[in-house]
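First to last, the sequence lines map onto chains A and B.
Heads up, the first sequence is in the numbering used here, so the first residue is -17 and it goes up one at a time.
Heads up, the second sequence is in the numbering used here, so the first residue is -17 and it goes up one at a time.
There are 2 protein chains.
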Amino acid sequence: MKPTLPQGTRDFSAQVIRKRGYIFDTIRTVFELYGFEPLETPALENLDTLTGKYGDEGDKLIFKILNNGLDNSQKHEQAKEDFKKILRGKSVKTLTEKALRYDLTIPFARYVAMNYGQLTMPYKRYQMQAVWRADRPQKGRYREFYQCDADVVGSYSFMYDAEFAFIYWEVFKRLGIDIELNLNNRKILTSLAALCNATDKMMSITVAIDKLDKIGIEKVKQELEKNGLGPRQIKIIEDYLNIKGTNQQKLDSLKTLFLNIEEGKKGIEELEFILSLLHDAPEGAFGKPKVNIHLTLARGLNYYTGVIYEVKAKNIEIGSIGGGGRYNDLTGLFGVPDMPGVGISFGVDRIYDVMDELNLFPEKMQKGATALFFNMGTEESKFAFFQMQQLRAKGISCELFPEPAKMDKQFKYASKKNINYAVIIGSEEIKTQSCVVKDLVKNEQVTIGLNEIKDYFTK
Amino acid sequence: MKPTLPQGTRDFSAQVIRKRGYIFDTIRTVFELYGFEPLETPALENLDTLTGKYGDEGDKLIFKILNNGLDNSQKHEQAKEDFKKILRGKSVKTLTEKALRYDLTIPFARYVAMNYGQLTMPYKRYQMQAVWRADRPQKGRYREFYQCDADVVGSYSFMYDAEFAFIYWEVFKRLGIDIELNLNNRKILTSLAALCNATDKMMSITVAIDKLDKIGIEKVKQELEKNGLGPRQIKIIEDYLNIKGTNQQKLDSLKTLFLNIEEGKKGIEELEFILSLLHDAPEGAFGKPKVNIHLTLARGLNYYTGVIYEVKAKNIEIGSIGGGGRYNDLTGLFGVPDMPGVGISFGVDRIYDVMDELNLFPEKMQKGATALFFNMGTEESKFAFFQMQQLRAKGISCELFPEPAKMDKQFKYASKKNINYAVIIGSEEIKTQSCVVKDLVKNEQVTIGLNEIKDYFTK
């Protein structure tokens, strides 16, 4: 039997793990610097916790766990009864009660609701874990992939909204990725619909204008018309889409547009607060975050109530590599009302692809152990083993070739494993308490005393 | 709806994650020092890959994933057909084809078999990931828990067998746990059965003598008798169990016992090789590993063919916190024969319990951000925000209280989150470019210049 992996899943080898770890560590470092705490939730959640949260399409993509024993043919009497129920469209609780985590937001909400009262508010958490979706696998889309979120809940303070702009900026500066950081506000989108007297059509308006960059203004107008909007309404939307200029100019135009719409004015104020904080900030170690007010940006609209973020990588054609926003009600569905918050997410798989393609991973990432000690015979290898123990105690990673073998074979092993140095200790070297160290990258070799190896590698 | 977690699963809060991270990082550091590379496999495996590998009892504990769409009542026509098959005891492929990782060994074997030819042999990998078992949850036993394994495959070299004794020793020294490191060899157990002329009863002999410490010699003898062993055979086993003394004395007694049994002599030699390497090793940074030859040790016997390891914590009543051994055939079931190897495993959950109970976690682990900047008003908080940006750039984690609030409330927040310092910048301080820093642990405060904060925290 030739084994395979399930569709849409991946093994991660050492090199990929190190590169992914570099991304995770960078994001984690920044989250911690900003006072966020880690949280981990289990892969398994009660099916009840997940269903109904992601829409009908989402529900179909949740991986469900078969109740234990059901696939055991000896136990099929119970299963038979259960299945009859299913065929009558009844609850399938008897078949499955548990499911795999589908995102990090709902488990976070479940955690906050379960531990409400114990948590110190505002609660700033970050979470980096795998999620599973029974999506059709395709290039760059997996059934098991990682999400990486940070949220603050329990506060309406816009300081946090601004802080996330700094966090995005700093993370991507550290990774070396040039980004475009787009901001919008749900209140502005709602106000546009109100301005058109089409509050009920807010959803379809947003979906249509969100496509502007892809399909152009004419096709957007056609779609709006198809959705039942009249010429005067479409004219208002077209004027909105024509708002151009600097961020402040855009907001000024909106102020005129939303002169009598309170919600719109609030949305503008929220964005202005962020812009003013960015404007007044000193040039820090990573420069000031540059943002664009992007009036067609929507992203998972239904959930957000305030600011909306989106990050795109420059110099490469790829979808967004981050997004998020402010919401009013994280935990209402779990019985805890009035839990506002704001959060962002990093698209780790895409960030990996960007970095790989633009060659942004530091070179040292590709390295194996520092040194391979050659195996020159039974006694020699024991001797080498003890030398290695002393280096390891000093933090130098090394390994021994497992059995006496031709030099060629041992060199090949070192090169395949990206090991930088070969250390050769034969019987002569034991007598003189020395060793031959060969730099496999520079292709140079030196003979040094055994007591000098440590310094040689750490210099 | 009050949400809950599935039985046997856990949320990990910040403090627990930091403590667990300390254990994982320590183990990872040592693995890397010894030249092991990380591997990660997906949580989802094909059901075929897992079934039949863990025995009948194990198979029942595998969590199976319901095929997508099956629990969707509109699609029940197909499901109906499928279910009829199940009721006739036919394959359940149509119901479930995927399952959750049950351990790290089989996915490792699957990976090696799939990538055989690409991998540089010997292949030294470590893996630290969650596994899932539909076991009855009880104190200290979870349905989602972590395993932490290292293996070398593709070599018969006993240098690796010895190396794992060093690795166990070093990891637990670094963690501060005193251990008993027990060794045995499967060949010795096999030879005992051969000596009794009961090779077919090797399994039940081993199971019985493995209980010696728990139930005493009389009950072991009763169990042997119940399993069909005669008085002369039981006498041989009793003599074996009476072997006492130093490691060398035990091996010497075995030599007499197995005078004519080649396999037994080989098992003794293998252990002697490890003992001699340990004996000759210099006192390193972590001292020489101390091991006990433990002649009743078996552990997952069927799989192992050579050395067997077991680690127990001293000064605390808890099961083993590590185990492993040498095997001849990792990948035969996946079509790649003759893949010998040796590996060990760390019981992370139990190690956590030991460290928690013996108070071995470093104190700094319990800390939140370094400083909380108080919110003294809109302008003051903006000013504080910019000060924080400069500290963060220097690697000092800090956060701002989100809105102006009573001092009391802000102090309480800092204390609940284990934050060490409060930094207060009011309008007066802005004028004088100074701030009040309060050490919340020592309950002392100083007024310093803004340009001194950085040094104050890093001194």
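For glycine and all other residues, C-beta sits at the position ideal for the given N, C-alpha and C.
- Here DSSP, grouped into helix, strand and coil, assigns Val418/B to strand.
- Residue pairing from DSSP places Lys46/A in a beta bridge opposite Ala81/A.
- For Pro104/B, the closest Cβ of chain A is nearer than 8 Å.
- Contact annotation: Phe343/B and Lys1/B have beta-carbon atoms nearer than 8 Å.
- Short of 6 Å from the beta carbon of Tyr124/A, and not among the five residues preceding or following it, lie these beta carbons of its own chain, in chain order: Gly(-10).
- Across the set Asp221/A, Phe356/A, Val189/A, the C-alpha of Val189/A shows the shortest separation from the C-alpha of Leu206/A.
- Note on Gln369/B: 16 or more other CB atoms within 10 angstroms of its CB, so buried under the neighbour-count rule.
- Ser258/A has its alpha-carbon roughly 40 Å from the corresponding atom of Thr31/A.
- In this structure Asn224/A is exposed. Its beta-carbon is surrounded by fewer than 16 other beta-carbon atoms within 10 angstroms.
- Under the DSSP definition of a beta bridge, Ser302/A partners with Lys294/A.
- Within its own chain, the residues whose Cβ lies closer than 8 Å to the Cβ of Ala366/B, once the five positions on either side in sequence are excluded, are Phe355, Phe356, Asn357, Met358, Leu382, Val405, Ile407, listed in chain order.
- Rounded to whole angstroms, the separation of the alpha carbons of His261/A and Ala(-4)/B is 34 Å.
- Pairwise C-beta distances place the stretch 317 to 337 of chain B in contact with the stretch 299 to 308 of chain B, as three or more of them are shorter than 8 Å.
- Contact between Leu211/B and Val202/B does not hold, since the beta-carbon distance rounds to 11 Å and is not under 8 Å.
- The beta-carbon distance between Ala147/A and Pro271/A, rounded to whole angstroms, is 5 Å. This is short enough to meet the 8 Å contact definition.
- Residue pairing by DSSP places Arg107/B opposite Glu19/B, Asp133/B in a beta bridge.
- Pro89/A is the residue among Leu157/A, Lys376/A, Pro89/A whose C-alpha sits nearest the C-alpha of Asp131/A.
- Listed along the chain, the chain A residues whose CB falls inside 8 Å of the CB of Lys364/B are Leu259, Asp262.
- Secondary structure of Ile326/A (DSSP, three-state): strand.
- Per DSSP, reduced to three states, the secondary structure at Val(-2)/A is helical.
- Interface criterion not met: the Cβ of Ala132/A is under 8 Å from no Cβ in chain B.
- Within the stretch 384 to 415 of chain A, the residues whose Cβ lies closer than 9 Å to some Cβ of chain B are Pro384, Glu385, Lys394, Tyr395, Lys398, Lys399, Ile401, listed in chain order.
- The beta-carbon separation of Arg83/A and Trp114/A, rounded to 7 Å, stays under the 8 Å limit for a contact.
- Put simply, the CB of Tyr150/B is far from chain A, with every gap to its CB atoms at 8 Å or more.
- As a beta-bridge residue in DSSP terms, Asn167/B pairs with Val289/B.
- Among the bridge pairs identified by DSSP, Tyr403/B is matched with Ala353/B, Asp421/B.
- Linking Tyr222/A to Leu174/A through their CA atoms gives a straight-line distance of about 8 Å.
- In this structure, the beta-carbon distance from Gly266/B to Gln415/A does not fall below 8 Å.
- The beta-carbon of Arg92/B is placed less than 8 Å from the nearest beta-carbon of chain A.
- Straight across, the Cα-Cα distance linking Asn274/B with Lys391/B is about 57 Å.
- For Val202/B, the secondary structure class from DSSP, reduced to helix, strand or coil, is helix.
- Residue pairing from DSSP places Arg308/B in a beta bridge opposite Val324/B.
- In this structure, Ile435/A sits away from Leu422/A, with a CB-CB distance that is not shorter than 8 Å.
- Residues of chain A whose Cβ lies closer than 8 Å to the Cβ of Met321/B do not exist, since the nearest Cβ in that chain is about 13 Å away.
- With respect to chain B, the C-beta atom of Gly34/A has no partner C-beta closer than 8 Å.
- Contact note: Leu382/A reaches chain B through Met141, using a C-beta cutoff of 7 Å and chain order.
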